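First residue of the sequence shown: 104, per the numbering used here; consecutive thereafter. Working notes, structure below.
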Amino acid sequence: MQVLIFIFLLVSYLLSVTGNLTIIILTLVDSRLKTATYFFLKHFSFLETLFTTVCIPRFLHSLSTGDKTISYNTVIFFLLGIMSYDHYMAICKPLLYATIMNSRVCGRLVICCWIAGWLVIFPSLCLGLNMEFCDYNVIDHFLCDASPMLKISCSDTRFIEQLVVALAVLTNFGTFLCVVLSYIYTIKTIIKFPSAQQKMKAFSTCFSHMIVVSITYGNCIFIYVKPSAKDEVAINKDVGVY
104 MQVLIFIFLL VSYLLSVTGN LTIIILTLVD SRLKTATYFF LKHFSFLETL
154 FTTVCIPRFL HSLSTGDKTI SYNTVIFFLL GIMSYDHYMA ICKPLLYATI
204 MNSRVCGRLV ICCWIAGWLV IFPSLCLGLN MEFCDYNVID HFLCDASPML
254 KISCSDTRFI EQLVVALAVL TNFGTFLCVV LSYIYTIKTI IKFPSAQQKM
304 KAFSTCFSHM IVVSITYGNC IFIYVKPSAK DEVAINKDVG VY
């Protein structure tokens, strides 16, 4: 079973990295892909490559060697919110799109996403580094996520749990609200299009992004937005892999 899991994860990881790097390269070399949509997609692909590279190779190493030691040493939501706003501008304000979503504005939006992502995780990270773990150091997870780390700590983790939930609510629901509002106005505009072909083209532009939004927000709300970060770690582990 471990061999099958190793092969499946390895192939999935290689396909993910190859696909994301291809997107990044194409947006850099193809002059037709210099719009704001592909600019945000390039950063999203870069972030996805970093995220999978942090988690999957470590898991593959554990499967192949049996060494399960992990050393103890959210940008994505803000990018999803910005990308939904970009779709809204492209469909609802096509005449103003090129003027409003210029390269300077796009650059500033992406920088704000990266800074906001770091600011969200920094307080919990600093507090987590000061937790005590006594004698037990085995976590019920594939990576050093917040819930399994809090579960084995012998420190008082109530404040960290509350902080994690508060930041998760602020980040997830704040950016999710931006996504929902953007798509409400976008869908209203698409419905008013005169031809079915125009409607289909507009919906196809947003469909892939909506799938990513549903999976990402669904998983993270399930894992982080709840009263206790220590509860249901086993279920969180399965959802985290998904």
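All residues carry an ideal CB built from backbone N, CA and C; glycine is no exception. Nothing here was measured: the structure is a model prediction, and the numbers come from that model.
Simplified DSSP state of residue i, which is helix, strand or coil
i	result
Ile235	It should be noted that the sequence gives Glu, not Ile, for residue 235. Coil.
Thr121	helix
Met204	coil
Lys137	coil
Ser317	helix
Ala332	Bear in mind that a pLDDT of 49 at Ala332, under 50, signals an unreliable position, so the number given afterwards is only what the model happens to contain. Coil, per DSSP.
Met303	helix
Ser357	Here the chain covers residues 104 to 345 and nothing more, so residue 357 does not appear.
Ser227	helix
Ser298	coil
>> For a minimum of 4 consecutive residues, which ranges assigned as the alpha helix (DSSP H) are wholly contained in the segment 237-296?
In response: Counting whole runs of 4 or more residues, the segment 237-296 contains the alpha helix (DSSP H) stretches 249-255 and 261-294.
>> Quick check for students: name the residue ranges of the alpha helix (DSSP H) that lie wholly in the segment 161-202, counting only runs of 4 or more.
In response: The qualifying runs are 178-195.
>> When you compare the segment 256-266 with the segment 158-166, are there three or more beta-carbon pairs, one atom per stretch, that lie closer than 8 Å?
In response: Too few Cβ pairs lie closer than 8 Å, so no.
> Quick one: any contact between the segment 223-237 and the segment 184-202, if contact means 3 or more CB pairs under 8 Å?
Replying inline: The segment 223-237 and the segment 184-202 do not touch, with fewer than 3 CB-CB distances between them shorter than 8 Å.
>> Quick test of the definition: if touching needs 3 or more C-beta pairs under 8 Å, does the segment 151-161 touch the segment 299-309?
In response: Judged by Cβ distances under 8 Å, the segment 151-161 makes no contact with the segment 299-309, as fewer than three pairs qualify.
> When the Cβ atoms of the segment 130-145 are set against those of the segment 182-191, are three or more pairs found closer than 8 Å?
Replying inline: Yes: at least three Cβ pairs fall under 8 Å.
> Touch check for the segment 210-223 and the segment 302-320: three-plus C-beta pairs under 8 Å?
Replying inline: Counting Cβ pairs under 8 Å, fewer than three are found: no touch.
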